[in-house]
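Taking it in order: structure first as structure tokens, then the write-up.
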Amino acid sequence: MAEALQQLILDTLDKHSKIHDTRQLIIPGQQEPAASQDAQIIILGALNSLLSREMILYESHEVLSNVLTPEGEQIAKDGSHEARVWAALPLKGEGSAVNAVQLKKLVGDETAKVGQGRAFKSGWIGKEGDGFVKLIPTITDATQLDLQEVGSSGTHKSGEKLLADLRKRKLVTQKKGQWFTVTKGSSFSTSTAKPETDLTVEMLTSGSWKTSTYKKYNFEAEGTPTNGGALHPLLKVREEIRNIFLEMGFAEMPTSSFVESGFWCFDALFVPQQHPARDLQDTFYLSDPKNSLHPEKEYYKRVSTVHEHGGFGSIGYRAPWSHEESTKLLLRTHTTASSAHMLYKLAAKCRGEKVDDESGEYTHAGSKTGATEQDDGFRPAKLFSIDRVFRNETMDATHLAEFHQVEGVVADRGLTLADLLGFMRVFFNKMGIEKVRFKPAYNPYTEPSMEIFAFHPLLDRWVEVGNSGMFRPEMLEPMGFPKDVRVHGWGLSLERPTMIRYGINNIRTLVGHKVPIESIENAAAVMF
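Converting from the sequence shown to this note's numbering requires adding 335 to each position, the first position being numbered 1.
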């Protein structure tokens, strides 16, 4: 039908030079002119196809028409509510009056409710005892007649006042429509053969390309936008946090070791070997290989001794030491294991050892016996890392079994808990998170310890975003640090601050196979 309609338009233009009103066209296969809006939409498709080939030009004209609502269509067909109420009643003196309950059963609740009042007002019905009867033998249902006229022509001879009343009663509504004036275009022809858009092998072989008509090339067409790469919100927030640390004078720690031994992940941090976090329910252990190499002998002995018997002012855990537990290989549960490696390396000069930066091996560099505070080898340090950790967690709106930890340590003489509180407030403020709370907590390797909470506006509650504290002497002094050296340590989530920043209320919509690519592409840049 599309080609037949296009041919009709071209033939009409060829005959009359102009189509003044497309509502006068008769669409192929129909008997009446295309006055309806649906017909004009079909005509618009044909006009646009011809316009793209510059065969015609057209102007659009808007028109408002009145159409019946579903209720109006029902009244035009079956009569008004008041007429149906009148028709259901007996004429006065010719039968028993119909009460309200019977009337509802005869015409329906809505018709009885609306039509009863209008029929009374028109003087068509009246009361007789407890029921209703007709007062006149015949009526003229003007509402039905009015709606039938509007439905057939889109207007009414009585004018706008009556139409406005019908619209007020929600029996008629106005609908925007359009019709078109059509003239010849620069490439007008009565042929509907479409111009070629491509050269084919067949056209070149036969030579038909020489006589073919080609579609004009549109040099202004924008084409299909190409999809480029997009950074995940986690990567954006990670880079911003990394820049905050670097701006504050921190150095980044190497954290490429996803697999750690129980010694560096737990023992070196003074986590007891009987701690629940070391159970299979909380930790992923490797099955092959199962055990790590032995750590440096003297350090290993100092750590096992402080666990089992105490030392450095501590009574220890007074529990049997297990070499097997210490050498188990596991997926690290926190990047604090990497911090332990770096702190042990930082304390090397305090122990009188020299570290080979490439091999990581320690060699004796002379005794520090009798060294003063000024020449004990300690140098302050500020270190951070952002990397992946693994815990055997049950997944929910705020927990995953694999997530990222923002780790940091500050080592210096005379540090206090107030310094740590002040640093955390400045750090989170730089991230754009101003609502931060701290709660006393217990950690095996820090004392005092604090949990850190940030307010999540979508969840409308405080969400734990990290843990922090001051590393215990039982952890630091076996490494070789002087007694007056204090170390702040903290581990923060990367996912939860990202959720707060982007207004995400379920971590599984941030990470995982169900995350829509569109959300990654449209994620705004982070502005801390």
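Ideal Cβ placement from N, Cα and C applies to all residues, glycine included.
If you're wondering where the values come from, they're calculated on a predicted model, not measured in any experiment.
Spatial neighbours of residue i within its chain, please: CB distance less than 6 Å, with the 5 preceding and 5 following residues excluded, ordered by chain position.
{"i": "G414", "result": "D476 and Q479"}
{"i": "E708", "result": "Summary for E708: the model assigns pLDDT 47, below 50, so the residue's position carries little reliability, and this model does not support an answer."}
{"i": "K550", "result": "P530 and T532"}
{"i": "S854", "result": "none"}
{"i": "R723", "result": "H739"}
{"i": "Q608", "result": "S657 and E660"}
{"i": "D349", "result": "T525"}
Counting only the same chain and skipping the five closest in sequence on each side, list residues whose C-beta sits under 8 Å from that of residue i.
{"i": "S521", "result": "E389"}
{"i": "L392", "result": "L386, V517, T518, K519 and G520"}
{"i": "G584", "result": "K717"}
{"i": "L750", "result": "M805, R821, V822 and H823"}
In whole angstroms, what separates the C-alpha of residue i from that of residue j?
{"i": "I344", "j": "T525", "result": "9 Å"}
{"i": "G494", "j": "L386", "result": "38 Å"}
{"i": "A337", "j": "T559", "result": "27 Å"}
{"i": "F467", "j": "P363", "result": "54 Å"}
{"i": "R613", "j": "F598", "result": "11 Å"}
{"i": "E296", "j": "L438", "result": "Any question about residue 296 goes unanswered here, given that the chain covers just 336 to 863."}
{"i": "G428", "j": "R502", "result": "38 Å"}
{"i": "P813", "j": "P775", "result": "26 Å"}
{"i": "G792", "j": "E728", "result": "First, the residue type needs correcting, since residue 792 is Pro and not Gly in the sequence shown. Each residue's Cα considered, the two are about 25 Å apart."}
{"i": "E633", "j": "S639", "result": "10 Å"}
{"i": "H610", "j": "H642", "result": "12 Å"}
{"i": "G839", "j": "S596", "result": "Strictly speaking, residue 839 in this sequence is Ile, with Gly absent from that position. Whole-angstrom Cα-Cα distance: 35 Å."}
{"i": "E799", "j": "F554", "result": "56 Å"}
{"i": "L424", "j": "L470", "result": "10 Å"}
{"i": "A675", "j": "E557", "result": "56 Å"}
{"i": "T590", "j": "S720", "result": "7 Å"}
{"i": "V744", "j": "R807", "result": "13 Å"}
{"i": "V850", "j": "R843", "result": "8 Å"}
{"i": "A454", "j": "L426", "result": "14 Å"}
{"i": "K510", "j": "A339", "result": "28 Å"}
{"i": "I361", "j": "G563", "result": "49 Å"}
{"i": "G687", "j": "A789", "result": "43 Å"}
{"i": "F593", "j": "D623", "result": "15 Å"}
{"i": "T561", "j": "F763", "result": "37 Å"}
{"i": "K353", "j": "Q366", "result": "22 Å"}
{"i": "P304", "j": "G645", "result": "In the structure as shown, the chain begins at 336 and stops at 863. Residue 304 is therefore absent and cannot be evaluated."}
{"i": "L539", "j": "F523", "result": "27 Å"}
{"i": "N841", "j": "A682", "result": "42 Å"}
Of the residues the options, which one's Cα is nearest the Cα of residue i?
{"i": "E779", "options": "K469, F605 and R760", "result": "Looking at the sequence itself, residue 779 is Pro, so the reference to Glu does not match. Cα-wise, what sits closest to P779 is F605."}
{"i": "I460", "options": "V485, D444 and R419", "result": "R419"}
{"i": "F713", "options": "E728, S720 and K684", "result": "K684"}
{"i": "T347", "options": "T518, K412, F619 and R796", "result": "T518"}
{"i": "L718", "options": "H823, P655, N727 and I768", "result": "H823"}
{"i": "I576", "options": "L829, Y635, P851 and N841", "result": "L829"}
{"i": "Q372", "options": "A422, E484 and G489", "result": "G489"}
{"i": "M785", "options": "L827, M677, G749 and G645", "result": "L827"}
{"i": "E659", "options": "I650, H629, K680 and H676", "result": "H629"}
{"i": "F773", "options": "P783, G767, M766 and K765", "result": "P783"}
{"i": "F580", "options": "R831, F758 and Q359", "result": "F758"}
{"i": "I377", "options": "G486, L482, F515 and N434", "result": "F515"}
{"i": "K765", "options": "E582, F738 and R821", "result": "E582"}
{"i": "Q513", "options": "S457, T357 and M538", "result": "T357"}
{"i": "T473", "options": "A422, A736 and L539", "result": "A422"}
{"i": "Q483", "options": "E408, R504 and L752", "result": "E408"}
{"i": "W825", "options": "D754, I852, R836 and D819", "result": "D754"}
{"i": "A736", "options": "I852, A370, R667 and Q359", "result": "R667"}
Report all residues from its chain with a CB closer than 7 Å to the CB of residue i; omit the five preceding and five following residues, and keep chain order.
{"i": "K625", "result": "K663 and L664"}
{"i": "N434", "result": "D465 and G466"}
{"i": "R796", "result": "none"}
{"i": "N401", "result": "V485, G489, T490, L498, V507 and Q509"}
Classify residue i as buried or exposed, calling it buried when 16 or more other Cβ atoms lie within 10 Å of its own Cβ.
{"i": "R653", "result": "exposed"}
{"i": "N383", "result": "exposed"}
{"i": "S431", "result": "exposed"}
{"i": "H396", "result": "exposed"}
{"i": "H351", "result": "exposed"}
{"i": "F816", "result": "buried"}
{"i": "R748", "result": "exposed"}
{"i": "S803", "result": "buried"}
{"i": "G847", "result": "exposed"}
{"i": "T535", "result": "exposed"}
{"i": "E417", "result": "buried"}
Quick one: measure Cβ to Cβ for residue i and residue j, integer angstroms, because I've assumed they're closer than 8 Å.
{"i": "L845", "j": "P530", "result": "L845 to P530, Cβ: 51 Å. No contact."}
{"i": "I768", "j": "P832", "result": "6 Å"}
{"i": "L678", "j": "A746", "result": "7 Å"}
{"i": "G486", "j": "L399", "result": "Between L399 and G486 the Cβ distance is about 16 Å, and since that is not below 8 Å, they are no contact."}
{"i": "Q342", "j": "T527", "result": "5 Å"}
{"i": "E742", "j": "S673", "result": "7 Å"}
{"i": "E856", "j": "A565", "result": "4 Å"}
If you measure from the beta carbon of residue i to each beta carbon in chain B, is any gap under 9 Å?
{"i": "V436", "result": "Looking at the structure shown, chain B is missing, and only one protein chain is on hand."}
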